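Undergrad:
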Amino acid sequence: MEVKKMSRKIMIFDTTLRDGEQAPGFSMNVEEKIKMALQLEKLGVDVIEAGFPISSPGDFEAVTKVAKTVKKPIVTGLCRANEKDIQVGWDALKHAVRPRIHTFIATSDIHMKYKLKMTPEEVLEIAVNAVKFARNLCDDVEFSAEDATRSDLDFLCKVVEEVIKAGAKTVNLPDTVGYTVPMEYEKIISTIMNKVPNVDKAVISVHCHNDLGLAVANSLAAVKAGAGQVECTINGIGERAGNCSLEEVVMALYVRKQLFDVETGINTREIYRSSRLLTSITGVDVQPNKAIVGKNAFAHEAGIHQDGVLKERTTYEIMTPESVGYPSNKLVLGKHSGRHAFVARLKEIGFELNNNEIEIAFAKFKELADKKKEVYDEDIAAIVENQISSHKEYFSLEYLNVTSGNTSIPTATLQVSNEKGDILTDASIGDGPVDASFRAIERVTGVEGRLKTYKIQAVSAGKDAQGEVSLTVEFEKSGYDISGKGYSTDIVQASALAWINALNRYLTRKNIGKNIEDKGI
Ligand SMILES: [Zn+2]
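Going by numbering that gives the first Met the number 0, the first residue of the sequence shown is number 0, and it counts up by one from there.
1. Who pairs with Val538 in a beta bridge, going by DSSP?
2. Please say whether His206 and Ser143 have beta carbons closer to each other than 8 Å?
3. Using only CA atoms, which one of Val170, Gln86, Ile236 lies nearest to Ser26?
4. Once DSSP output is grouped into helix, strand and coil, what is the label at Met35?
5. Take every Cβ of the stretch 309-316, pair it with every Cβ of the stretch 47-61, and state whether three or more of those distances are shorter than 8 Å.
6. What is the DSSP secondary structure of Asp108, counted as helix, strand or coil?
7. Are at least three pairs of beta-carbons, each pair with one atom in the stretch 332-347 and one in the stretch 282-289, less than 8 Å apart?
8. Hey, would you say the C-beta of Thr175 is under 7 Å away from at least one heavy atom of ligand 1?
9. Could you check which residue in Ser274, Val248, Ala133 has the C-alpha nearest to that of Glu262?
10. Under 8 Å, with one C-beta from each stretch per pair, do the stretch 433-451 and the stretch 473-485 reach the 3-pair mark?
11. State the Cα-Cα distance for the pair Ile515 and Leu352, rounded to the nearest angstrom.
12. Terminal residues of the continuous beta strand (DSSP E) containing Ile203?
13. State the start and end residues of the unbroken alpha helix (DSSP H) segment that holds Glu60.
14. Under 8 Å, do Thr232 and Ser218 count as touching if we go by C-beta distance?
15. Counting beta carbon pairs with one atom in the stretch 210-228 and one in the stretch 248-257, are three or more of them shorter than 8 Å?
16. Within the stretch 168-253, note down every full beta strand (DSSP E) run reaching 3 residues or more, in order along the chain.
17. Quick one: what's got a C-beta closer than 7 Å to Leu115's C-beta in the same chain, skipping five residues either side?
18. Looking at the structure shown, is Ser388 part of a helix, part of a strand, or coil, going by DSSP?
19. Grouping DSSP H, G and I as helix and E and B as strand, with all else coil, what is Leu352?
20. Could one say the Cβ of Gly43 lies closer than 8 Å to chain D's Cβ atoms, at least one of them?
21. Candidates Lys164, Ala165, Glu185, Gly166: which alpha carbon is nearest Pro173's?
22. Do Asp45 and Gly264 have their C-beta atoms within less than 8 Å of each other?
23. On the CB-based measure, 16 or more other CB atoms within 10 Å of its CB, does Val74 come out buried or exposed?
24. With a floor of 3 residues, list each beta strand (DSSP E) that falls wholly inside the stretch 109-145, ordered by position along the chain.
25. Relative to the C-alpha of Arg268, which candidate in Asn288, Phe259, Thr319, Val468 has its C-alpha closest?
26. Does DSSP put Asn81 in a helix, in a strand, or in coil?
27. Between Gly237 and ligand 1, is the CB less than 7 Å from at least one heavy atom?
28. Rounding to the nearest angstrom, what Cα-Cα distance links Ala36 and Ser55 in this structure?
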């Protein structure tokens, strides 16, 4: 009888809401943390580190609420190795279905001498006592030896052994300062696995920082050496250069499953959504060439690659965009792109053309691509719109009145005329004057949209300069973004004009197919 061997399970410990959130520019309020935690639950992480409860009342509240909200993952919070921290941490964590106390103290000579001003013996005692105290409150305790990678290895072995004896079920060996390299880290972890007599009583965890760009590589080396838990963050956010990126480490284990022979509980199809949620909450985008979730991660520019990918994806793709929940295989078009790729892109952004129209559009595209290195969706849209029907004014702005200020709720009242010349009136409140205007336009036109990008700049110098608002909107969940521009010396008016401009372009595009049918082409 053939018995199928089960792969070793690697726990994914997400610290986006603690280590990630700690980084400058990434702070989140309680509601945002809950939103993110629910997405992490969907993603299938095993542990959510929701904050550092004693660090602030806001963090305490966030950890409490996350503990009360998520059901499947273990919820943990960081506590220094003292009774007060641990007690406060527990007060927040105790509401969780599966609570875990995470406590830590530094074990490297440099941290013990200069930061803690303690001897190794003192540190060991504090660590053991902290774990014991935590175990009296909670069954699941994790201990972290801060700066483990710069700690004396014999001392580290001793600490690991003693905290396991004291009841720690997970022992984390962080590369706190992002100093180690894969071959060294692999050695440290395998030494722990081989020398600590009771190591089988706990899961060895790793937590790597990216100061040398090695956080993911180091984590993978540690997994190879026997680590059973990886601590990481969405988009790799975190202190300084960030933490090990969840999407990268998970996809490396997934794509190279045969090499590692491990599995995670992550639903990889939720990766892209998780990344996007985080960028929309923090307002900090990932770089375009970011592995797995960057704008270009699945873009193929060279014609030979494009053609290959369209024929057989695996020619140039080691994983499918769908496997990480990426919306579609975005081909960036350039002068090397072929007709096939051009037509595929046309369809993806909502244009269904007949052969004759495709010929004309493709010739124009080639002309443009000679002048421009990259041809964007908007360029293609402009080609087709100019060729088939210059975009129609389905709606135009007739009147806009906005009230806002610190004592009133921002309200926009507006009138638009439709293509028949009827005047339509509506009003809406909003988070601010621009938001109120957008909502009023949605109401009056009956077309919903989601603002994706918004940029404002002065067209010329001087106080009376015209403002140019450029924005992109996804209308009616169409799956593609439409851009619009508006100009005015009043930025709220410029914003409303830009939205209506985008809306008219969207409706033009949406109706092209219908017009063709009507004319029987
Ligand atoms: Zn860290």
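Glycine residues also receive a C-beta, built at the ideal position from the N, C-alpha and C atoms. Just so you know, these numbers come straight off a predicted model, no measurement behind them.
TA: Concretely, from the data shown:
1. Nothing can be reported for residue 538: it is not among the residues displayed for the chain, which extend from 0 to 520.
2. Closer than 8 Å, so yes.
3. Of Val170, Gln86, Ile236, the residue nearest in Cα terms is Ile236.
4. Here Met35 sits in helix by DSSP.
5. Flag = no, the stretch 309-316 and the stretch 47-61 do not touch.
6. Helix.
7. Not touching, per the Cβ criterion.
8. Indeed, a heavy atom of ligand 1 lies less than 7 Å from the Cβ.
9. Comparing Cα positions, the closest option is Val248.
10. These segments touch.
11. Summary for Ile515: the model assigns pLDDT 40, below 50, so the residue's position carries little reliability; its value from the coordinates is reported in the next sentence. Their backbone Cα atoms lie some 8 Å apart in a straight line.
12. Taken as a continuous stretch (DSSP letters only), the beta strand (DSSP E) holding Ile203 covers 202-206.
13. If you look at Glu60, you'll find it in the alpha helix (DSSP H) that goes 56-68.
14. Annotated as distal: Thr232 and Ser218, with beta-carbon spacing of 8 Å or more.
15. Short answer: they touch.
16. The stretch 168-253 contains these whole beta strand (DSSP E) runs: 169-171, 202-206, 228-231.
17. Once the five neighbours on either side are set aside, the close Cβ partners of Leu115 are Ala105, Val122.
18. Interpretation of Ser388 is limited by its pLDDT of 47, a score under 50 that renders its predicted location unreliable; no figure is taken from the coordinates.
19. Coil, per DSSP.
20. No chain D is present in this structure, which holds just one protein chain.
21. Closest option to Pro173, Cα to Cα, is Glu185.
22. Yes, the pair counts as a contact, with Cβ atoms nearer than the cut-off.
23. Taking all protein chains shown into account, Val74 has 16 or more neighbouring C-beta atoms within 10 Å of its C-beta and is therefore buried.
24. Runs of the beta strand (DSSP E) spanning 3 or more residues and lying entirely within the stretch 109-145 occur at 140-145, in chain order.
25. Nearest of Asn288, Phe259, Thr319, Val468 to Arg268, Cα basis: Thr319.
26. Residue state, collapsed to three classes: coil.
27. Yes, the beta carbon of Gly237 sits closer than 7 Å to at least one heavy atom of ligand 1.
28. About 19 Å.
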